[in-house]
Structure formats: C-alpha cells, structure tokens
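Below: the structure, in structure tokens.
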Amino acid sequence: MKKVTIVHEDKAEIQMDVDKDTTVSDLRYWAGFSIDKHYEHIELLHNNRKMEHDRTLESYNLGKNDKVEVYQKLWRGMLVQNEHLDSSLEIRSRKEELECEEKGDYSG
852 MKKVTIVHED KAEIQMDVDK DTTVSDLRYW AGFSIDKHYE HIELLHNNRK MEHDRTLESY
912 NLGKNDKVEV YQKLWRGMLV QNEHLDSSLE IRSRKEELEC EEKGDYSG
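Written out as structure tokens, the structure reads:
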C-alpha cells in the first residue's frame, strides 16, 4: 500500500492510501473534498488528456516528475505527492471550463 498526500494551497493536508485497485475516481473524490468542491465538477488530466474515471492510477504508470492537472473553474491549485515512490504529481489549476468531450486533447 502507498500513501498519497494531497496538499492544498493553504497547507491543509489529506492523506489517502493507494493500492493497485485505486481508481482515478477515488483520487477525484479526495481532490474535490480537499478544495470543498464536488468531485464531479473537477477532472484530472495527464499529458493533456482526460484521465478515465474507471482506470486505476497504477495503469497510468505515474512516475517521478509526472504531472497531473485538475480542471475546475476558478480553482486555486494543490500538490499531490507520492512519498512511497519518492515522486510528486503536480496538480495545477486553469481558469477555464473542461470541455465535455470524453477523451479530447486539452492542450493549449
């Protein structure tokens, strides 16, 4: 089991246990909870593509220096750190709405 720490801009921290069955939806829930937003209003992106909710985090092979972005209007930003693997996943905010397209490209 691995520990993921979600660190909000105001220094509040939430820890969650991650195992091989932890899904993107699970992380969305905790990310939303930590910023007082309903998880359905945010999306996680990896390499400018929406992460599929039913896939596991393990299936994305997230490693050191991988970045995951959260898209939610007027969201301020937080950092997710995976201490077990000595890697960090930076979650950045954008002041724009996520498009409805399920697997579209969100670059630029």
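Be aware that the sequence shown starts at 852, since it is given in my numbering, and climbs by one per residue. Where a beta carbon is used, it is the ideal one built from N, C-alpha and C, also for glycine.
Nearest-angstrom beta carbon gap, residue j and residue i [assumed within contact, 8 Å]
i      : j      : result
ARG879 : LEU896 : Rounded, the Cβ-Cβ distance is 11 Å, inconsistent with contact.
Euclidean distance between Cα positions of residue i and residue j
i      : j      : result
VAL875 : ASP905 : 6 Å
ALA882 : LYS871 : 19 Å
THR907 : THR873 : 5 Å
ASP960 : GLU909 : Outside the displayed range of the chain (852 to 959) lies residue 960, so it cannot be described from this structure.
ARG900 : GLU891 : 17 Å
MET902 : ASN912 : 12 Å
ASP877 : ILE893 : 12 Å
Counterpart residues of residue i in DSSP-defined beta bridges
i      : result
THR907 : THR874
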